[in-house]
Amino acid sequence: MKHVNSIVLNGMKKSGNIGCGECQSSCQSACKTSCTVGNQSCKNRDEKVNTVKKPLL
Amino acid sequence: MTHPFCFRYGDRTYCFLFDTESGSLHNVDNVTFLCAKERWSRPMTDEEKSQYSAVSEQEKREINTELDELVKEGVLDSPCTVTMRKKRVGEIKALCLHICHDCNLRCAYCFADEGTYHTSDRAHMPVEVGLRAVDFLIANSGGRRNLEIDFFGGEPLMNMKTVKAVVEYARSREEETGKTFNFTMTTNCLLLDEENRKWLNDNMYNVVLSIDGRREIHNRVRKTPNGKDVFDRILGNALAFRAIRGDKSYYVRGTFTAHNLDFCDDVLFLNDAGFDQISMEPVVTDIPELRIEEKHLPRILDEYERLAREYIDRRKTDKWFNFFHFMIDLDGGPCVIKRLTGCGSGCEYLAVTPRGDIYPCHQFAENKPYYMGNVLKSTEYDKSVSEKFAQNIVTNKPDCADCIAKYYCSGGCVANNLNYAGSMDKPYGISCQMMRKRMELSLAIAAIEAAPQQ
Numbered sequence: 001m002k003h004v005n006s007i008v009l010n011g012m013k014k015s016g017n018i019g020c021g022e023c024q025s026s027c028q029s030a031c032k033t034s035c036t037v038g039n040q041s042c043k044n045r046d047e048k049v050n051t052v053k054k055p056l057l
Numbered sequence: 058m059t060h061p062f063c064f065r066y067g068d069r070t071y072c073f074l075f076d077t078e079s080g081s082l083h084n085v086d087n088v089t090f091l092c093a094k095e096r097w098s099r100p101m102t103d104e105e106k107s108q109y110s111a112v113s114e115q116e117k118r119e120i121n122t123e124l125d126e127l128v129k130e131g132v133l134d135s136p137c138t139v140t141m142r143k144k145r146v147g148e149i150k151a152l153c154l155h156i157c158h159d160c161n162l163r164c165a166y167c168f169a170d171e172g173t174y175h176t177s178d179r180a181h182m183p184v185e186v187g188l189r190a191v192d193f194l195i196a197n198s199g200g201r202r203n204l205e206i207d208f209f210g211g212e213p214l215m216n217m218k219t220v221k222a223v224v225e226y227a228r229s230r231e232e233e234t235g236k237t238f239n240f241t242m243t244t245n246c247l248l249l250d251e252e253n254r255k256w257l258n259d260n261m262y263n264v265v266l267s268i269d270g271r272r273e274i275h276n277r278v279r280k281t282p283n284g285k286d287v288f289d290r291i292l293g294n295a296l297a298f299r300a301i302r303g304d305k306s307y308y309v310r311g312t313f314t315a316h317n318l319d320f321c322d323d324v325l326f327l328n329d330a331g332f333d334q335i336s337m338e339p340v341v342t343d344i345p346e347l348r349i350e351e352k353h354l355p356r357i358l359d360e361y362e363r364l365a366r367e368y369i370d371r372r373k374t375d376k377w378f379n380f381f382h383f384m385i386d387l388d389g390g391p392c393v394i395k396r397l398t399g400c401g402s403g404c405e406y407l408a409v410t411p412r413g414d415i416y417p418c419h420q421f422a423e424n425k426p427y428y429m430g431n432v433l434k435s436t437e438y439d440k441s442v443s444e445k446f447a448q449n450i451v452t453n454k455p456d457c458a459d460c461i462a463k464y465y466c467s468g469g470c471v472a473n474n475l476n477y478a479g480s481m482d483k484p485y486g487i488s489c490q491m492m493r494k495r496m497e498l499s500l501a502i503a504a505i506e507a508a509p510q511q
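In structure tokens form, the structure reads like this:
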């Protein structure tokens, strides 16, 4: 594509519906573990989402 | 939902489209950015309207053909397909142990009423309560293997006898139960002497060190009962801990208030001091002179942008650091269920007070309508309270439906929503605006850092 450079495709869908409950518990007010959903990684998944490494537009 | 946003770094402005439902991020040129805004009816500035009117019809058609293709592939403007509406109840993963409702600081903004949680005494958790809390967690953990215990306060270092007994007891039950415990502690560092540093380093999975940044900022709100300046002692202890911590998890965690809207300087101060894992949170309080108000937001959002630019620059040097809110795992983030359910308060995460009373989370401690039981009396607890929290899922929050950050913040802190927006399922708007900005910046940073050097 000439106008679009896709960096991440389907990050949500590839994260799947595992729900094993083994990842670190988070705290949305960040007053204890300083971990929110936003910066967590899945403990139970090897598959990585496709990220494209191209110069930005 | 398609979210166009841009970020200025160096002499360039980078434009992006983020598709919330598929989690797809696209970098686009400026003309496509404008066409996307027009196509999905996003507000444009006068300058953008003028630029858009100058785009030729042929170029608009070409761009819309590319956007059509992305929509067809399900990576732009994709529909919500999530159907989950309720959390699982009955399997607990984490306990927050209130090791003492006492503190050796009197921080003005403390949500816990300077450690007492609005109680009349400054209770310390007896060893017996701590051990029964471990039994309670194991008994209610179901099939979960990795369990967590957070030592919290007040100031937990004031009651190390119970902390050490809990760790020793929990470890002694790991083999027999097939469970693994991870321990964390949040401390103000005042008692973080050499002995405590070594013990925490050996036994804690994560340690959160509370410092607000520059001396004058820190001292303004984080005071001792007699008003003594202990900044040097706190910073020195925290740095000494950092020095022995190596690659193991820790954070310095500050709070900014209406007094230091230039909080980027506090983050950079902490980085200059020698920390490389930094978190700086907006205060949530009713105190008029400290609270963040709507009128502060333009300055705060600009400050996050300034921090983002400094962040990218420093991460190319020996001053590399992580800022908690700019970290995002685009390659392997949490599963959909985790994104929907957030912190799990009231369901998989509970808090235990010094007397053994159980509450949905540390922010609800001593809030009697939310009392769920007592670990000294039984390993059973009141699951009807959990049922109320089980509905607290981002897909049940109408205000979150079109938000760029909904699968990354899960609808915010339940306690803050309740205390400041009036309902668990109504997000606190001021926090939302900051969260959305941090989300855009974290995506832009990830894209810029991932791109080959140009």
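Top to bottom, those sequences are chains A and B. Quick note on the working numbering: the first sequence kicks off at 1 and runs consecutively. Quick note on the working numbering: the second sequence kicks off at 58 and runs consecutively. For every residue, glycine included, the Cβ atom is placed at its ideal position computed from N, Cα and C.
Please state the DSSP three-state secondary structure of His181/B. In the structure shown, His181/B adopts extended strand secondary structure according to DSSP, grouped into three states.
Relative to chain A, which residues along the segment 79-109 of chain B have a C-beta separation below 9 Å, given in chain order? From the segment 79-109 of chain B, only Ser79, Gly80, Ser81, Leu82, His83, Asn84, Val85, Asp86, Asn87, Val88, Thr89 and Cys92 have a Cβ closer than 9 Å to chain A.
Nearest candidate by alpha-carbon position, reference Thr514/B, set Lys352/B, Ile156/B and Thr243/B: Given a span of 58 to 511 for chain B in the structure shown, any question on residue 514/B remains unanswerable.
Alpha helix (DSSP H) segments (min. 4 residues) lying fully within the segment 238-285 of chain B: DSSP runs (the alpha helix (DSSP H)) wholly in the segment 238-285 of chain B: 251-260 and 272-278.
Near Ile394/B, which residues of its chain fall below 7 Å by C-beta distance, leaving aside the five closest residues on each side in sequence? Excluding positions up to five away in sequence, the list reads Met141.
Counting along the chain, where does the alpha helix (DSSP H) carrying Thr436/B start and finish? That residue, Thr436/B, is in no alpha helix (DSSP H); it is neither H nor E in DSSP.
The beta strand (DSSP E) spanning Ala205/B covers which residue range? The residue you asked about is not Ala; residue 205/B is Glu in the sequence shown. Glu205/B -> beta strand (DSSP E) spans Asn203 to Phe209.
When you compare each of Thr244/B, Leu188/B and Tyr465/B to Gly11/A by their alpha carbons, which one comes out closest? With distances taken between Cα atoms, Gly11/A lies closest to Tyr465/B.
In its own chain, which residues sit with a C-beta less than 6 Å from the C-beta of Leu127/B, not counting the 5 before and 5 after it? Once the five neighbours on either side are set aside, the close Cβ partners of Leu127/B are Leu133.
Quick one: what's His83/B bridged to in DSSP? Bridge partners of His83/B: Ser6/A and Leu74/B.
Between the segment 439-452 of chain B and the segment 215-235 of chain B, are three or more C-beta pairs nearer than 8 Å? No contact exists between the segment 439-452 of chain B and the segment 215-235 of chain B.
Considering only DSSP beta bridges, list what Ile461/B is partnered with. Per DSSP, Ile461/B has no beta-bridge partner at all.
Coil, strand or helix - Val49/A by DSSP: Confidence in Val49/A is poor, its pLDDT being 49 and thus under 50, which makes the residue's placement unreliable; the coordinate value appears in the next sentence. When secondary structure is reduced to three states using DSSP, Val49/A falls in the coil class, being assigned neither helix nor strand.
Asp125/B: first and last residue of the uninterrupted alpha helix (DSSP H) it sits in: Asp125/B: member of the alpha helix (DSSP H) spanning Glu114 to Lys129, first to last residue.
Spell out the partners DSSP gives Gly430/B in its beta bridges. Beta-bridge pairing by DSSP links Gly430/B to Ile415/B.
Does any residue of chain A have a CB that is nearer than 9 Å to the CB of Tyr71/B? Contacts with chain A at 9 Å (Cβ-Cβ) include Tyr71/B.
Alpha carbon of His83/B to alpha carbon of Met182/B, nearest angstrom: Each residue's CA atom was taken as its position, placing His83/B and Met182/B some 51 Å apart.
Cutoff 6 Å; reference Arg493/B; Cβ partners in own chain excluding five residues on either side: Correct list, in chain order: Ile461 and Ala462.
Take Gln514/B and list the residues in its own chain whose beta-carbon comes closer than 6 Å to its own, dropping the five residues that flank it on each side. Since the displayed chain B opens at 58 and closes at 511, residue 514/B lies outside it and no answer follows.
Could you tell me the distance, in whole angstroms, from the CA atom of Pro339/B to the CA atom of Trp377/B? Distance between the alpha carbons of Pro339/B and Trp377/B is about 23 Å.
Relative to the C-alpha of Glu201/B, which residue among Arg228/B, Asp68/B and Gly147/B is closest? It is worth fixing the name first, because residue 201/B is Arg in this sequence and not Glu. Nearest option by C-alpha distance: Gly147/B.
To the nearest angstrom, report how far apart Glu130/B and Phe62/B are at their CA atoms. The alpha-carbon atoms of Glu130/B and Phe62/B are separated by roughly 21 Å.
Could you list which residues in chain A have their beta carbon closer than 7 Å to that of Lys454/B, in chain order? Taking the beta carbon of Lys454/B as reference, no residue of chain A falls within 7 Å; the closest one sits roughly 13 Å away.
Anything in the segment 296-317 of chain B with a Cβ closer than 8 Å to a Cβ of chain A? List those residues in chain order, please. Taking 8 Å as the Cβ-Cβ cut-off, the segment 296-317 of chain B approaches chain A at Tyr308 and Arg310, given in chain order.
Rounded to the nearest angstrom, what separates Glu47/A and Asp170/B at their Cα positions? Legend: pLDDT at Glu47/A = 48, less than 50; position of this residue unreliable, value from coordinates given subsequently. A direct Cα-to-Cα measurement between Glu47/A and Asp170/B gives close to 45 Å.
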